[in-house]
Amino acid sequence: MLPKFHIFFGKGKNRGRKVSEEYIAFFDSGIGGLNVLGEFQRICPGERCLYYGDNANAPYGGRAEGEILRLTLKAFAQITQYPIRAAVIGCNTVTAECVDVLRQKFSFPIVGIEPAVKPAAAAARGGKVLLAATRATLLSMRVRKLIENNSRETKIVTYSPDDLAGAVERSAPDFDGIDLSRHLPEGKFDAVVLGCTHYVFLKKQIQKYYGCPVFDGISGTADHIRRILNICSKNNEKIDKIPPFFQGTDKNKNKSVYNEVFFE
Numbered sequence: 309m310l311p312k313f314h315i316f317f318g319k320g321k322n323r324g325r326k327v328s329e330e331y332i333a334f335f336d337s338g339i340g341g342l343n344v345l346g347e348f349q350r351i352c353p354g355e356r357c358l359y360y361g362d363n364a365n366a367p368y369g370g371r372a373e374g375e376i377l378r379l380t381l382k383a384f385a386q387i388t389q390y391p392i393r394a395a396v397i398g399c400n401t402v403t404a405e406c407v408d409v410l411r412q413k414f415s416f417p418i419v420g421i422e423p424a425v426k427p428a429a430a431a432a433r434g435g436k437v438l439l440a441a442t443r444a445t446l447l448s449m450r451v452r453k454l455i456e457n458n459s460r461e462t463k464i465v466t467y468s469p470d471d472l473a474g475a476v477e478r479s480a481p482d483f484d485g486i487d488l489s490r491h492l493p494e495g496k497f498d499a500v501v502l503g504c505t506h507y508v509f510l511k512k513q514i515q516k517y518y519g520c521p522v523f524d525g526i527s528g529t530a531d532h533i534r535r536i537l538n539i540c541s542k543n544n545e546k547i548d549k550i551p552p553f554f555q556g557t558d559k560n561k562n563k564s565v566y567n568e569v570f571f572e
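In this note's numbering, the protein residues as written are 309 to 572.
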C-alpha cells in the first residue's frame, strides 16, 4: 500500500507538500536503469524512490528519435501522477534524445546519464577506447559532441552491439548465458565504455573479455543526484534501505530483478 499524500501538479503548487512525501523517480526503457537506482540506494539508502521501466517497449536504442520521445513523454505522464522530487533518466538513449525536452516541460530537477567517455579517455592515455552503445545514442548530437571533445589524443572506436540490450532484457536476471562474442567486436582496447545501462549487468564479463578497464557512468550519475538534492552522506550511521516503489509496463519483472541483484 502506498502512503497517503496529496498530489500537486505544475510550478508553484508544491507548497505544503513535505520532501519526505516525494519520490526520486528513476526511468528506463527496461531493467538497465536499475543499475543507477541500485547505486543511488547504496549511497543514499534512506530516500524514497520510484522506478518506472517501459519493458514492453524495450529497448529504445533501435527506435527512431520521434518514437523515443513519444514513449518517454508517455512514461513521464504516468510518473508525474505521483509527487516527484527529482527524476533520473537511467537510459543513455533517452538522455541523448529527450533530456532537453523533459527539462523544459517539467519543473523538478532531471538528471541524465551519459557515456563515461571522458574518464575512459584519460585512463587510456592516448590509446584506444571502445564505446559500445545503441544506434540511437551514437547518432545523437549530444554523444557525437562528447566523442569529439575527448578524441583529440585518444582514438575512440564506436560500436553498436547487435541486440545486446535486448538479450540482457530477455535473459534477466540470469545473464551468464549471453555470448559476448556474438555481440561485441574483436580487438585490443585500452578502455571500454558501456554506453547503455543494460550492458552494465555484464560489466565483469566484458572486463574479462577485453582485459582492460570498463567505464559506465553509473556512480557519477548517482552521486550527481545526491549532490543536486543536497543529500548528506551519512557513512557513520546505519540507515535502513527503503524498498523502491515500482511502476511501468512490467513492474513485477523490474521488482524481481532488483530483489535478485541489488536488494540486501
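Yeah, the Cβ is synthetic: ideal placement off N, Cα and C, and Gly gets one too.
From this set, the options, which residue's C-alpha is nearest residue i's C-alpha?
{"i": "Pro427", "options": "Asn363, Asn458, Glu568, Val476", "result": "Asn458"}
{"i": "Val465", "options": "Leu502, Ala480, Thr557, Glu373", "result": "Leu502"}
{"i": "Phe570", "options": "Leu342, Thr445, His491", "result": "Leu342"}
{"i": "Val522", "options": "Ala440, Pro417, Tyr360", "result": "Ala440"}
{"i": "Pro493", "options": "Tyr360, Arg478, Tyr467, Arg450", "result": "Tyr467"}
{"i": "Thr529", "options": "Tyr517, His491, Gly346", "result": "Gly346"}
{"i": "Ile418", "options": "Thr403, Ala430, Ala431", "result": "Thr403"}
{"i": "Phe348", "options": "Gly485, Val407, Val476, Ile533", "result": "Ile533"}
{"i": "Ala372", "options": "Leu447, Cys352, Asp471, Phe509", "result": "Leu447"}
{"i": "Ala424", "options": "Gln412, Ala480, Val451", "result": "Val451"}
{"i": "Arg490", "options": "Leu510, Pro469, Pro481", "result": "Pro469"}
{"i": "Lys559", "options": "Asp524, Leu377, Ile387", "result": "Ile387"}
{"i": "Ala480", "options": "Ser415, Glu405, Gln412, Phe509", "result": "Phe509"}
{"i": "Thr445", "options": "Asp531, Glu405, Gln412, Arg478", "result": "Glu405"}
{"i": "Asp482", "options": "Ala394, Glu568, Ile421", "result": "Glu568"}
{"i": "Ile421", "options": "Arg443, Lys413, Arg411, Val396", "result": "Val396"}
{"i": "Arg443", "options": "Ala473, Ser415, Lys463", "result": "Ala473"}
{"i": "Arg478", "options": "Val565, Arg350, Gln412", "result": "Val565"}
Could you check whether residue j and residue i sit closer than 9 Å to each other, using their CB atoms as the reference points?
{"i": "Phe384", "j": "Leu358", "result": "no"}
{"i": "Leu537", "j": "Ile332", "result": "yes"}
{"i": "Gly370", "j": "Thr505", "result": "no"}
{"i": "Gly398", "j": "Ala366", "result": "no"}
{"i": "Val409", "j": "Leu379", "result": "no"}
{"i": "Ile514", "j": "Leu488", "result": "yes"}
{"i": "Gln555", "j": "Tyr390", "result": "yes"}
{"i": "Tyr518", "j": "Val476", "result": "no"}
{"i": "Glu355", "j": "Ile550", "result": "yes"}
{"i": "Thr557", "j": "Asn400", "result": "no"}
{"i": "Ile539", "j": "Cys352", "result": "yes"}
{"i": "Lys563", "j": "Pro552", "result": "yes"}
{"i": "Ala429", "j": "Glu461", "result": "yes"}
{"i": "Ile526", "j": "Val344", "result": "yes"}
{"i": "Gly374", "j": "Asp336", "result": "no"}
{"i": "Lys512", "j": "Asp524", "result": "no"}
I'd like the span of the beta strand (DSSP E) that includes residue i, first residue to last.
{"i": "Phe334", "result": "331-336"}
{"i": "Tyr360", "result": "357-361"}
{"i": "Phe553", "result": "553-556"}
{"i": "Ile392", "result": "392-397"}
If you measure from the beta carbon of residue i to each beta carbon in chain D, is any gap under 9 Å?
{"i": "Ser527", "result": "Among the protein chains of the structure shown there is no chain D, as only one such chain exists."}
Along the chain, where does the alpha helix (DSSP H) containing residue i start, and where does it finish?
{"i": "Val409", "result": "400-413"}
{"i": "His532", "result": "526-536"}
{"i": "Phe384", "result": "373-387"}
{"i": "Tyr368", "result": "Tyr368 -> no alpha helix (DSSP H), and no H or E assigned at all."}
{"i": "Ile351", "result": "342-351"}
{"i": "Tyr518", "result": "511-518"}
{"i": "Val569", "result": "559-569"}
Cβ of residue i versus every heavy atom of the ligand PLP: is any distance shorter than 8 Å?
{"i": "Arg478", "result": "Only the bare structure without any ligand can be found here, which leaves the ligand PLP out of the picture."}
Mind listing, in chain order, the continuous alpha helix (DSSP H) runs of no fewer than 4 residues lying wholly within the stretch 420-499? For the stretch 420-499, whole alpha helix (DSSP H) runs of length 4 or above, ordered along the chain, are 425-432, 443-447, 449-457, 472-479.
Flag this pair as touching only if the stretch 431-451 and the stretch 485-502 have three or more C-beta atom pairs under 8 Å; answer yes or no. Yes: at least three Cβ pairs fall under 8 Å.
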